[in-house]
């Protein structure tokens, strides 16, 4: 159901690789490689990549047969190498060459439950115990993993990978080539409650979740359906694990978020943004295109221009932290005392001439 | 299995609505509406609501047939409108009118596994692949979603919605009208480990999780069973997604928590509290009734009086953040230098007369 | 499938307990106890434990028949008691005596799907709806819970408890006596994406997750597979709920993490560390053995010596917080003004002599 990780497509020469993927060879183009490896642990039939200058010493000691690197790093090793302008992206394609996705095996497992009135493409695979409700559509070459649930009227596009134990609620849509990792929940109710006489009244959540093409959703990530309108993630959005996207958020194309980010309801995040791990984006605000939010940063109001924003409280040895942090609660007083000193000193200077 | 989101109960006049839900009509009471809509995207057969003054311009431009608003906002539009003292709660009831919960379809799906000795109400629905263990009880009109698991001796009350892929462990209890969203885990072991000679010894977690009536638990939220005594959430508690409630916590009635909150073990949170997104409540402390904790705030000790508490580190453009945050580690030194300045200046002033 | 929580192994005398577990009795050794209880709620047939001096008043009022405590606390009560050097660990063993794990009931549930070519030990139990893929191995006396998924070639050791709704992806390994709680996902793809012409290219994640012996993984925790090499958790690592471990992390033996911790990719955490709730460990850094990270602390660079590190921003009443936090953005300026004052005052002092 999944490519055996680490399996090799058989040895290929560097010359063959550059014919397929571009770049150029420096050193012996006939060197054969059979798999990708890390600089640190590569075996003698592996090709590794080098992009982070901090790892120069690893490059020097690598056991790899060859490496992928940038033109600027070409001289750092004598090993046969492929020189590429964007070695990290090159390596992504190269690793895919050695580790192609296994195609789904068309058919519905006998233990799966597919409702009458669901439309499952003949080339799709529905895994053991999966449930596809009435009115749902499953696109061509899409895999619905074991135990996953596709609600009424939900639409999953072509060539999607829905891993085991995913829940996609009624009416939600996933574009082509979507990847949803295990434990993700798409389209649960948003958190809409209204206070009334000391109790909470639930507001029905009748919007949907709409994911564009090429969206990836990490394990145990949750994306809530809209309260009235839809929650939307545009094409190419990439979400890591354990992320929470509140109802009615709108996330622009190709924005990527690292693990454990929390995005509150009705936030509007632009295109090509990057959001660091465990950042918190409060609700009813907007973030422009091309903005970077650092890890563990709380964005509490609308940002009006693109840039890099950070708000990480610095750690320290516990004793030093305790000493310094006690002053945080006195900062306003400290500022007042500085101002008072400035005035007193100015008075004194004036008086003394 | 779930109401088709967005489906309408058929057009109703404003006059009929206020007969059913209260409030009063301003403008033409015969206007018909067929669904709820947002101010922004409402279609001509929709009724929207207005409660946030920031959205005045949206009110002016809305395509809705009618709006719900507060007496103070009555003059802000010429549209037919329903005037209600609490427009947000009113809207909740109104949306429910258009979007009633679908009743469960009584019966046990053939692929579900219900142990002998489990007591399932005849009006309950057990979805495909669900597992109900021995000694468990499932109340009347309750829905157990596809692939969900109800452990030995667990008791689920009447009219509950247990969405697909929920795990409720042995012995736990959920009151009437409970809603548990997909991926939630109720009653996993608390994190109880004791250090012994450099290793950890697991402490059996033999308490239960007890949820009162009208509790809602968000997607992928976890509530751990007690170590010895129970973990308790009183009536009306509302938890958003991805929340962690540690063992032996006690959460008072009608307290609501936004997404990604972490509550460590044995915390005692009062009634009618609100806890903002991604707040962290440390363990073995208590928080009084009617307390509000802001988003991303760490509560590290018991609070003795109700109020609003905040501890969000401010974000800034990266360069400004780096400059300012470097001083955080020197705050204690800065305070000392201010004190020294005050002394030197006073000495000088005294000396000079 | 699980021991009934709270069930008792029958009354035992204190004398019998110390014969089995060590320690010594003070007071009547013939007192019988039938279960463990908390100081607060213990019934008259219970034995409680006392280790936190803050709970002296609870000790005084407890209804327990007996207590476990440290030699230094022996004089604090007249109750029959067991005196043990490490009362908390003692209590762990004692609770296990009363609450032994139920053995799995060997066999494969008829609704489970075990692929040909999977090797399931005869003494293992495969729960309803569980899926075990080709090439997977399930060790002796191991329980695979309802609806859990074990991918191709994954290897689960002896005497493991894989709770319901767990996903263990292809090729991953879990050592002996592992416990994985519901909703956990082990071996989903790491978050590896390379930017290329404004879009993201996915990097195949072909490493595995390798867990040593005696590892516990909390509910809804996620541990990603390595990009090329493996993600490794050594023996005895204990993870609470909702933790995210990024690809290629290496976590040393007996390190324990509280709930909601986020560990970014390629972090290297030593042995015997403790990481507090909701801490964030950024990627590509290392933390030495025996280090304690406080709750809600962001570790943003390599730590070179063991110690306790903290970075929790202090909370305050909202108004005070707002006043003080406004100064955080001016800290660098405040520091400059202090420096300027020091210089002016020194000049003045010098000038005046």
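Chains as they are written, first to last, in the numbering used here: chain X, 1 to 353; chain R, 354 to 706; chain L, 707 to 1059. Think of the CB as a built atom: it goes at the ideal place given N, C-alpha and C, for glycine as much as any other residue. All values derive from a computational prediction rather than experimental measurement.
{"Asked": "From the beta carbon of residue 478 of chain R, is the nearest beta carbon of chain L less than 9 Å away?", "Found": "no"}
{"Asked": "How would you list, in chain order, the residues of chain X whose beta-carbon sits under 9 Å from the beta-carbon of residue 1045 of chain L?", "Found": "The contacting residues do not exist; residue 1045 of chain L stays about 11 Å from chain X at best."}
{"Asked": "Count the other CB atoms within 10 Å of the CB of residue 105 of chain X; is the residue buried (16 or more) or exposed (fewer)?", "Found": "exposed"}
{"Asked": "Kindly indicate which three-state DSSP category residue 691 of chain R falls into: helix, strand or coil?", "Found": "helix"}
{"Asked": "Based on the DSSP output, what are the partners of residue 849 of chain L in its beta bridges?", "Found": "L:831, L:867"}
{"Asked": "May I have the straight-line CA-CA distance separating residue 343 of chain X from residue 349 of chain X, to the nearest angstrom?", "Found": "10 Å"}
{"Asked": "When you compare only the Cα positions, how much space is there between residue 1058 of chain L and residue 1044 of chain L?", "Found": "21 Å"}
{"Asked": "Got a sec: which bits of the region 178–206 of chain X sit with their beta carbon under 7 Å from any beta carbon on chain C, in order along the chain?", "Found": "Note that chain C does not occur in the displayed structure, where the protein chains are X, R and L."}
{"Asked": "Report the rounded CA-to-CA distance for residue 127 of chain X versus residue 108 of chain X, giving the unit in angstroms.", "Found": "7 Å"}
{"Asked": "Give every residue of the same chain whose Cβ lies closer than 6 Å to the Cβ of residue 776 of chain L, excluding the five residues on either side of it in the sequence, and list them in chain order.", "Found": "793"}
{"Asked": "Helix, strand or coil, according to DSSP, for residue 781 of chain L in the structure here?", "Found": "helix"}
{"Asked": "Output, in chain order, the set of chain R residues within a Cβ distance shorter than 7 Å of residue 280 of chain X.", "Found": "630, 631, 648, 649"}
{"Asked": "Alpha carbon to alpha carbon, what distance is there between residue 46 of chain X and residue 81 of chain X?", "Found": "12 Å"}
{"Asked": "Determine whether the Cβ of residue 513 of chain R lies closer than 9 Å to any Cβ atom of chain L.", "Found": "no"}
{"Asked": "Are residue 188 of chain X and residue 572 of chain R touching if we call contact CB-CB under 9 Å?", "Found": "yes"}
{"Asked": "Report the residue from L:858, L:999, L:922, L:828 whose alpha carbon sits nearest the alpha carbon of residue 881 of chain L.", "Found": "L:922"}
{"Asked": "Candidates L:982, L:728, L:919, L:937: which alpha carbon is nearest residue 790 of chain L's?", "Found": "L:728"}
{"Asked": "Going residue by residue through the region 146–222 of chain X, where are the continuous beta strand (DSSP E) segments of at least 3 residues, counting only ones entirely within it?", "Found": "185–188, 193–196, 199–202, 209–211"}
{"Asked": "Are the C-beta of residue 937 of chain L and some C-beta of chain X separated by less than 9 Å?", "Found": "no"}
{"Asked": "Among the residues of its own chain, which have a CB less than 6 Å from the CB of residue 172 of chain X, if the five just before and after it don't count?", "Found": "154, 186, 187, 208, 209"}
{"Asked": "Within this structure, are the beta carbons of residue 285 of chain X and residue 271 of chain X separated by less than 9 Å?", "Found": "no"}
{"Asked": "Cα separation between residue 771 of chain L and residue 1018 of chain L?", "Found": "41 Å"}
{"Asked": "By the 10 Å Cβ neighbour count, where 16 or more other Cβ atoms means buried, how is residue 555 of chain R classified, buried or exposed?", "Found": "buried"}
{"Asked": "Since residue 871 of chain L meets chain X, which of its residues come closer than 9 Å, beta carbon to beta carbon?", "Found": "147, 165, 183"}
{"Asked": "Excluding the five sequence neighbours on either side, which residues of its own chain have a C-beta within less than 6 Å of the C-beta of residue 428 of chain R, listed in chain order?", "Found": "none"}
{"Asked": "In whole angstroms, what is the alpha-carbon distance linking residue 211 of chain X and residue 617 of chain R?", "Found": "34 Å"}
{"Asked": "Under 9 Å, do residue 980 of chain L and residue 950 of chain L count as touching if we go by C-beta distance?", "Found": "no"}
{"Asked": "According to DSSP, is residue 931 of chain L part of a helix, a strand, or is it coil?", "Found": "coil"}
{"Asked": "In angstroms, rounded to a whole number, what distance separates the CA positions of residue 25 of chain X and residue 953 of chain L?", "Found": "30 Å"}
{"Asked": "Using only alpha-carbon positions, find the residue among L:762, L:920, L:800 that is nearest to residue 724 of chain L.", "Found": "L:800"}
{"Asked": "Counting C-beta neighbours from all protein chains within 10 Å, is the total for residue 778 of chain L 16 or more, i.e. buried, or is it exposed?", "Found": "exposed"}
{"Asked": "Counting only Cβ-Cβ distances shorter than 8 Å, please list the residues of the region 658–672 of chain R near chain L, keeping chain order.", "Found": "660, 661, 662, 663, 664, 665, 666, 667, 669"}
{"Asked": "Are the C-beta atoms of residue 1031 of chain L and some chain R residue less than 9 Å apart?", "Found": "yes"}
{"Asked": "Check whether the Cβ of residue 955 of chain L lies closer than 9 Å to any Cβ atom in chain X.", "Found": "no"}
{"Asked": "Would you mind listing the alpha helix (DSSP H) stretches within the region 950–1037 of chain L that are 4+ residues and don't spill past its ends, in chain order?", "Found": "1024–1034"}
{"Asked": "Exposed or buried, what is residue 784 of chain L when buried is set at 16 or more other beta-carbons lying within 10 Å of its beta-carbon?", "Found": "exposed"}
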